[in-house]
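Peer 1: Sequence order for the protein chains is A and B.
Numbering of the first sequence is given in the numbering used here, commencing with residue 1 and proceeding in unit increments.
Numbering of the second sequence is given in the numbering used here, commencing with residue 1001 and proceeding in unit increments.
Think of the CB as a built atom: it goes at the ideal place given N, C-alpha and C, for glycine as much as any other residue.
All values reported here derive from a predicted model rather than from experimental measurement.
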Amino acid sequence: MSSSRERLAMSRPKEGAAGQTGSWRVFKPVVDREKCNACGLCSMYCPDATIDEDFNIDLRFCKGCGICANECPKKAIEMVREEK
Amino acid sequence: MLKAAGPDTVMVVPACCTSVIQGIYPNTAFNVPVYNIAFGAAAACASGMSNAFRAAGKKTNVIVYAGDGGTLDIGIQAMSGAFERGTDFLYICYDNEAYGNTGMQRSGGTPMGAKTTTTPTGKTDAKKDIDMIIAAHDPPYMATACAAYPQDIFKKVQKALTFRGPTFIHILAPCPPGWRYPTEKSVEMGKLAVKSGMWVLYEREYGKVTIGPQSKAAMKRPLPLEEYLSPQGRFKGIEPKIVEILKQRIAKNYQRLAAEEEASA
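1. If I follow the unbroken beta strand (DSSP E) through Ala1066 of chain B, where does it start and stop?
2. In chain B, which residues lie less than 7 Å from Cys65 of chain A when you measure between Cβ atoms?
3. How is Val943 of chain B classed by DSSP in three states: helix, strand or coil?
4. Would you kindly check if the distance between the Cβ of Arg1249 of chain B and the Cβ of Ala1114 of chain B is under 7 Å?
5. Can you give me the Cβ contacts of Gly1103 of chain B inside the same chain, cut-off strictly under 6 Å, excluding the 5 residues immediately before and after it?
6. Let me confirm a value: Lys1195 of chain B is counted as buried when at least 16 other C-beta atoms fall within 10 Å, else exposed. Which label applies?
7. State buried or exposed for Thr1162 of chain B, treating a residue as buried only when at least 16 other CB atoms are found within 10 Å of its CB.
8. Let me know the alpha helix (DSSP H) ranges lying completely inside the segment 1121–1181 of chain B, each 4 residues or longer, listed in chain order.
9. Which residue comes first and which comes last in the alpha helix (DSSP H) that contains Glu1262 of chain B?
10. For a test of the three-state rule: what should DSSP assign to Val1200 of chain B, helix, strand or coil?
11. Whole-angstrom Cβ separation of Cys1146 of chain B and Ala1193 of chain B, contact assumed at under 8 Å?
12. Against Ala69 of chain A, what residues of chain B qualify as contacts under a CB-to-CB distance less than 8 Å, listed in chain order?
13. 7 Å is my cut-off, CB to CB: does Pro1026 of chain B come that close to chain A?
14. Indicate whether at least one CB of chain A lies closer than 7 Å to the CB of Pro1150 of chain B.
15. Is Glu6 of chain A helix, strand or coil by DSSP?
16. Does any C-beta atom of chain A lie closer than 7 Å to the C-beta of Val1010 of chain B?
17. DSSP three-state call for Thr1009 of chain B: helix, strand or coil?
18. Can a CB atom of chain A be found closer than 7 Å to the CB of Val1187 of chain B?
19. Do Arg1085 of chain B and Ala1135 of chain B have their beta-carbon atoms positioned less than 7 Å apart in this structure?
20. Assuming Ile1092 of chain B contacts Ile1021 of chain B (C-beta within less than 8 Å), just tell me the rounded distance between them.
21. Can you tell me which of A:Ala69, A:Lys14 and A:Val26 puts its alpha carbon nearest to the alpha carbon of Glu83 of chain A?
22. Given Lys1208 of chain B, which residues of its chain have a CB within under 7 Å of its CB, disregarding the five upstream and five downstream residues?
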């Protein structure tokens, strides 16, 4: 805990009282690597900070809000209905 | 925000959405110490905290992170006091223009014409201009920002923390359930607010006003206000009369800020 606090005072998604928030999702983001130009806007705008530097989406915590798909300038992210 | 502030930071949080984000004791979502305090006492608490840190010779950043209810309505007395005493702290108000936690009741920050659970036919009064109230305290630095421009917020927080004395940042935070629009439009809504002129980005540094480049572009070629109002459920069925009043207020606000910028240049 102390080492991570020294490193950066920034929050990362972690399991809280509600468990893994990814279970709330109805639509999941799917990245088309062909179209992606790695601009990083999705990672910057993600309200849950689930997208890392390599643009892998942490589906355990992604709530499927769709901001990444809406903001992607290349339209490389598609929201696909979750199959349960 | 915390990325800009760094690890040597203490947060003071009154009752607001951040009280929920933190999680339930003993777990926390923050990597820095957070002090939860009564709704009206955040700035007073930060005042004492900051003085204690300075007396101990520490440079720890003290940041108050409050909502619009905790700033514009309930917390204004303590905040005004802290600014008047010249406390060395940063006050951040994130403004979703209503009391979101309790189910979107009207606040002093709700714009005219917006429907909330306590104003079902649309608010009849104008939004309180808290930035002018803060400006009257003459702090070394104050700014407005919008959640749709995270890099802008980052820079402003970094800048604000370099000043000695009270600093203020007012952030417009679009709220999907409260403003009644689909979640994926959050960033878009923030940008529309700036482009239509409902929200103006500017900084005030020792009285010198600088309007942000995004708002400067919007002043030259403003987006029709209807484009900002129509996607939001809270403005559904707004009277044309009120839209006119809002437009006039936007034009007046632009004029005032442009004049202030020119006068202080």
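Peer 2: Inspection of the coordinates gives the following:
1. Asn1061 to Gly1067
2. Thr1183 and Glu1184
3. Because chain B is modelled from 1001 through 1265, residue 943 of chain B falls outside the range shown and cannot be assessed.
4. no
5. Thr1117
6. buried
7. exposed
8. 1130–1136, 1150–1160 and 1176–1179
9. Pro1240 to Ser1264
10. coil
11. 7 Å
12. Glu1184
13. no
14. yes
15. Because Glu6 of chain A sits at a pLDDT of 46, beneath the cut-off of 50, its placement in the model cannot be relied upon, and the following sentence gives the value as read from the coordinates. Helix.
16. no
17. strand
18. yes
19. no
20. Wrong, their Cβ atoms sit about 14 Å apart, outside the cutoff.
21. A:Val26
22. Ser1264
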